[in-house]
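In our numbering, the protein residues as written are -18 to 192.
We put the CB at the ideal spot given by N, CA and C, even for glycine.
Below is one structure, written out as structure tokens; comments come after it.
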Amino acid sequence: MFETKVEEFEGKMQQIENQTEDNLKSVKALELKENQIEVQIKDLFDEEKEFDISNMDDQFSITIDGTSEEIGILDNLRESSDPAKLVLDIILNPTIPLPKKGDKAVIIDEGWIYLLEQLMIISPNIIKSCVRDEALKLACELKANMKENTENSLEALGFLLILSIYGLVNYFDEDEVFKIFAYVASAAEYKIAVKLCRTLGFANKVSGMLI
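This is the structure:
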């Protein structure tokens, strides 16, 4: 009887060890994926490569001489079990630090905008509540930053993309969000505003703005 109990206990301990090992492998795989995408983003926006942020195609991707990097980024996101969390982790905890401006904790640059646009193409249907909560904190921080720098159109676009992708529109005042949308839509380089118009629910409010 005692030996049976010991065997059962040892079996459970082995099961726990196996689960722990599997969890560690999953964490390492996620970290590797984050690093791969960050390197691809850096390569995509390297100063030596020609890019034109003012030209977006119908797929809302930047026209750059780096097609392989673009495909690689999208493939990595599609292969991820939780692309919404993956993108958020990369933005919040970059392994390739971006230069800070003052005390701002998060800087939105062209690379992060491109990454959010790719996530929008994938359109993850299921977003965990803990991931949505982190996205909400980021959105609030970006909105606060916009008050200090009203001319940062990248920050405004990033804010709208996060609201759209992570389903956060209802957490903010509709009129304020629409004003930010109108500002982004007025910038000719951000034709993605056409898609944001639909996902943010502003189709009825727009009157010739995007024509």
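Asked, Found
"On the criterion of 16 or more Cβ atoms from any shown chain inside 10 Å, does Lys66 qualify as buried, or is it exposed?", "buried"
"Classify Ile173 as helix, strand or coil using the three-state DSSP reduction.", "coil"
"Kindly confirm or deny that the segment 152 to 161 and the segment 104 to 115 touch, where touching means at least three C-beta pairs closer than 8 angstroms.", "no"
"Of all the options Val165, Ile103, Ala116, Asp90, which has the alpha carbon lying nearest to the alpha carbon of Ile54?", "Ile103"
"Are Leu117 and Gly139 close, meaning C-beta to C-beta below 7 angstroms?", "no"
"Tell me whether Ala174 is buried or exposed, calling it buried when 16 or more other Cβ atoms sit within 10 Å of its Cβ.", "buried"
"On the premise that Leu100 lies in contact with Val68, defined as a C-beta separation below 8 angstroms, what is that separation, rounded to the nearest angstrom?", "5 angstroms"
"Given a cut-off of 7 angstroms, decide if Tyr164 and Ala137 are closer than it, judged by their beta-carbon atoms.", "yes"
"Please list, in chain order, all residues of the same chain as Cys111 whose beta carbon is under 6 angstroms from its beta carbon, the five residues on each side excluded.", "none"
"Among Arg113, Glu60, Ala125, Asn133, which one has its Cα closest to the Cα of Ser145?", "Arg113"
"Does any residue of chain D have a CB that is nearer than 7 angstroms to the CB of Lys176?", "No chain D is part of this structure, which consists of one protein chain only."
"Would you decide whether Glu31 is buried or exposed? Buried here means 16 or more other CB atoms lie within 10 Å of its CB.", "Only weak support exists for where Glu31 lies, its pLDDT of 45 falling under 50; the coordinates are left without a value."
"DSSP three-state label for Ile94, please.", "helix"
"Use the C-beta contact count for Glu98: other C-beta atoms within 10 angstroms, 16 or more gives buried, fewer gives exposed.", "buried"
"Three-state secondary structure (DSSP) at Asn36?", "With a pLDDT of 41 at Asn36, under the threshold of 50, the predicted position of this residue should be treated as unreliable, though the coordinate-derived value follows. The answer is strand: DSSP assigns Asn36 an E or B state."
"How about Ser134 and Ala168: do their beta carbons lie closer than 7 angstroms?", "yes"
"Would you call Asn74 buried or exposed, if buried means 16 or more other Cβ atoms sit within 10 Å of its Cβ?", "exposed"
"Note down, in chain order, each residue of its chain lying with its Cβ closer than 6 angstroms to the Cβ of Leu142, except the 5 sequence neighbours on either side.", "Leu97"
"Which same chain residues end up closer than 7 angstroms to Gly182 when comparing Cβ atoms and leaving out the 5 residues on each side of it in sequence?", "Val150"
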